[in-house]
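Trainee:
Chains as they are written, first to last, in our numbering: chain A, 217 to 368; chain B, 2 to 504.
1. Measuring straight from C-alpha to C-alpha, what distance separates residue 341 of chain B and residue 393 of chain B?
2. Can you tell me the Cβ-Cβ gap for residue 352 of chain A and residue 226 of chain A, rounded? I've got them flagged as a contact below 8 Å.
3. Give me the chain A residues within the contact set of residue 305 of chain B, using Cβ-Cβ distance strictly less than 9 Å, ordered along the chain.
4. Mind checking which residues open and close the beta strand (DSSP E) that includes residue 424 of chain B?
5. Is it right to say residue 270 of chain A is buried, meaning 16 or more other beta carbons lie within 10 angstroms of its own, or is it exposed?
6. Between B:380, B:496, B:399 and B:327, which lies nearest to residue 364 of chain B when the distance is taken from Cα to Cα?
7. Consult DSSP for residue 39 of chain B and reduce its assignment to one of helix, strand or coil.
8. Only counting the same chain, and skipping five residues up and downstream in sequence, which positions put a Cβ closer than 8 Å to that of residue 105 of chain B?
9. Please give me, in chain order, every unbroken run of the beta strand (DSSP E) with length at least 3 that falls completely inside the stretch 380-422 of chain B.
10. Consider the Cβ of residue 219 of chain A: report whether some Cβ of chain B lies at a distance smaller than 8 Å.
11. Could you check if residue 300 of chain B is buried or exposed, using at least 16 other CB atoms within 10 Å of its CB as the buried criterion?
12. Can you list the residues of chain A that residue 292 of chain B reaches, using a CB-CB cut of under 8 Å?
13. Mind reading off the beta-carbon distance from residue 248 of chain A to residue 333 of chain A? Whole number of angstroms is fine, and I expect it under 8 Å.
14. So residue 22 of chain B packs on residue 67 of chain B, CB below 8 Å; how close in whole Å?
15. Looking at the C-beta of residue 300 of chain B, does it have a partner C-beta in chain A at a distance below 8 Å?
16. State yes or no: is the C-beta of residue 380 of chain B within less than 8 Å of the C-beta of residue 417 of chain B?
17. Can you check whether the C-beta of residue 336 of chain B is within less than 8 Å of a C-beta belonging to chain A?
18. Quickly, what does DSSP pair residue 348 of chain B with across the bridge? List them, please.
19. With C-beta atoms as the reference, is residue 111 of chain B less than 8 Å away from residue 54 of chain B?
20. Could you tell me the distance, in whole angstroms, from the CA atom of residue 280 of chain A to the CA atom of residue 369 of chain B?
21. For the stretch 269-278 of chain B against the stretch 239-250 of chain B, are there 3 or more C-beta pairs whose distance is under 8 Å?
22. Can you pull the chain A residues whose beta carbon is under 7 Å from the beta carbon of residue 289 of chain B, in chain order?
23. Sorted by chain position, which residues of the same chain lie with C-beta nearer than 7 Å to residue 318 of chain B's C-beta, five sequence neighbours on each side aside?
24. Counting only C-beta atoms, is residue 275 of chain B closer than 8 Å to chain A at any point?
25. For residue 337 of chain A, count the other beta carbons within 10 Å of its own beta carbon; 16 or more makes it buried, fewer makes it exposed. Which is it?
26. Hey, how far is the Cα of residue 48 of chain B from the Cα of residue 130 of chain B?
27. Let me know the alpha helix (DSSP H) ranges lying completely inside the stretch 52-119 of chain B, each 4 residues or longer, listed in chain order.
28. Roughly how many angstroms separate the alpha carbons of residue 475 of chain B and residue 386 of chain B, rounded to a whole number?
29. Check the DSSP bridge columns for residue 150 of chain B and list the partner residues they point to.
30. So, for residue 328 of chain B: in the same chain, excluding its five sequence neighbours on each side, which residues have a beta-carbon less than 7 Å away from its beta-carbon?
31. Across the stretch 286-301 of chain A and the stretch 234-246 of chain A, are there enough close Cβ pairs to call them in contact, namely three or more that are closer than 8 Å?
32. Spatial neighbours of residue 58 of chain B within its chain, please: C-beta separation below 6 Å, excluding the five flanking residues on both sides.
33. In its own chain, which residues sit with a C-beta less than 6 Å from the C-beta of residue 230 of chain A, not counting the 5 before and 5 after it?
34. Could you give the first and the last residue of the continuous alpha helix (DSSP H) run that contains residue 465 of chain B?
35. Got a sec: which bits of the stretch 283-313 of chain A sit with their beta carbon under 7 Å from any beta carbon on chain B, in order along the chain?
36. List, in order along the chain, the chain A residues whose C-beta lies closer than 9 Å to that of residue 319 of chain B?
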């Protein structure tokens with residue numbers, strides 16, 4: 217059970233600061249927030265993944281999971297997803313779409329592009345916290361990440 | 002008409018024809034002999050030749066030949082030396098030859114004249130019959146309401162019926178003899194040469210023509226041309242029948258305009274629909290986020306301050322949370338409702354019994370701690386969209402559960418009512434609080450609620466969703482109820498008549 221204590225890094229791609237705060241609060245409640253990197257739009261997410269721009273000096277390991285909103289400024293979530301899943305070096309990173317949209321076409325498009333999970337953000341805070349906690353616990357702790365992402 | 006009849010009889014009876022030969026010969030001979038007795042000489046030749054001529058004229062070449070032979074024989078017998086014998090002396094031969102020649106000539110001449118006269122008579126009769134027929138036809142053509150006129154190949158009008166007078170305004174005496182296209186200022190849909198080429202090739206032509214009447218108004222007519230040829234197949238006349246389609250064309254134009262307008266509007270509607278779709282998407286995404294923030298931060302606030310603030314403040318916080326939750330449900334229901342309007346229905350044969358089972362599983366949570374007696378009848382198969390029909394049943398059943406909450410013993414019945422042979426009727430009946438029938442037409446409206454939300458929670462979209470789904474299936478929804486005496490909700494759908502259907 218030793219690995220359970222090691223926490224994988226979470227890349228949270230979310231433009232809404234309130235959502236970021238709520239997500240971080242939810243993760244904090246279960247001590248999952250220490251290794252969270254926040255990207256505020258699609259471009260920043262790609263900069264992080266490709267280690268360019270302000271993430272030029274980041275450590276070389278990839279995140280254990282990426283929580284991706286769909287409606288994002290500059291480069292939208294589906295485009296980010298498409299680029300990751302079509303890049304051999306990044307395609308193994310687990311991507312969880314975390315969105316307000318229940319629209320079927322978004323869901324279909326995401327699964328077509330190879331998303332690993334699709335979660336609709338619950339309006340109810342308890343459900344939201346539960347969802348975030350379970351996501352964090354599963355992807356950052358329980359799930360064995362692909363080679364290239366390092367756990368601390 | 003008696004004369005041709007007699008001729009006809011002669012022509013057809015050999016006995017009569019040869020009888021005439023013998024009779025006319027005998028008469029000529031008798032008259033000659035009688036004349037001789039009274040001292041008239043040299044009448045035999047003209048009389049006998051006359052008999053030959055009469056026979057040839059009336060009885061044809063055979064009897065004429067007989068008359069010639071008889072005349073020669075008896076001319077020889079009675080009138081050449083030696084008399085009263087058939088003996089012919091040399092001196093008589095030239096005389097006899099002259100007589101024979103004359104007789105043959107008269108016979109031949111008569112036969113030719115006869116034939117010519119016969120031909121002429123036939124031609125005349127033919128013409129007479131034709132005149133009668135044409136007059137009858139012309140009278141008939143006057144009877145039709147269609148405008149009918151005839152023109153020759155130089156476009157000059159030769160016949161003009163009453164229908165033509167009514168349609169174009171010219172009387173026959175004004176029209177006959179006029180150039181038809183100039184009189185009517187005809188506008189053809191194709192070059193006139195093409196029209197005539199087709200008419201000459203096929204013998205007919207059809208098309209719509211624009212014309213100007215005597216009163217100066219423009220009419221559109223559907224015209225049919227038929228070419229008349231004579232016996233040598235030369236084109237001689239064109240018969241035209243036409244009827245007024247001005248009104249029809251006007252209506253067609255009107256319909257076309259309406260269709261264009263409709264297409265325009267449908268494009269506009271499509272655009273509006275797209276806009277609505279974008280709106281729904283935006284509602285789904287953008288309204289939910291702030292709502293989540295309200296709920297989330299209020300809850301965080303509650304956690305932080307609930308121990309230090311007074312009861313009233315705690316109640317306010319609880320109310321904010323409750324309202325945020327309600328609004329979340331409203332958004333979800335509205336989105337589901339709008340999605341039903343936009344989604345394609347995927348119709349298959351659906352077992353209602355199976356769907357009811359699934360719906361009951363889905364609402365099981367609401368039945369916990371309740372005492373409900375379920376009565377589920379035999380349910381037919383339905384033809385429709387499985388997930389939509391399931392939503393209908395879930396809505397109706399959860400309503401029944403909700404509105405029987407006050408009953409110690411709730412009774413909910415689901416069954417199939419008597420429809421007619423074309424439609425299926427399913428009902429969900431409960432013994433709950435019911436409703437006042439005077440509000441029945443409000444039941445299925447969006448956001449319409451007949452109970453306050455303290456007593457029965459809900460968004461007021463459930464029955465509107467039911468109605469929308471059933472309407473999309475070509476069916477109807479209706480309800481019966483009484484205050485405090487239960488309610489019954491019905492929905493129907495037409496039975497499909499296809500081969501896919503297995504009753």
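No residue lacks a Cβ here, since even glycine has one placed at the ideal position from N, Cα and C. Computed from a predicted structure; not experimentally measured.
Mentor: From the atom records:
1. 11 Å
2. 7 Å
3. In chain order: nothing, as chain A lies at least about 11 Å away.
4. 424-431
5. exposed
6. B:399
7. coil
8. 69
9. 382-386 and 411-418
10. The pLDDT assigned to residue 219 of chain A is 41, lower than 50, so where the model puts this residue is not dependable, and the model offers no usable value.
11. buried
12. 339
13. Contact flag wrong, Cβ pair sits at about 16 Å.
14. 5 Å
15. yes
16. yes
17. yes
18. B:386
19. yes
20. 41 Å
21. no
22. 316 and 339
23. 299, 302 and 303
24. no
25. buried
26. 39 Å
27. 62-80
28. 12 Å
29. B:161 and B:241
30. 292
31. no
32. 111 and 115
33. 236 and 285
34. 463-473
35. 287
36. Per Cβ cutoff of 9 Å: no residues; residue 319 of chain B is ~13 Å from chain A at best.
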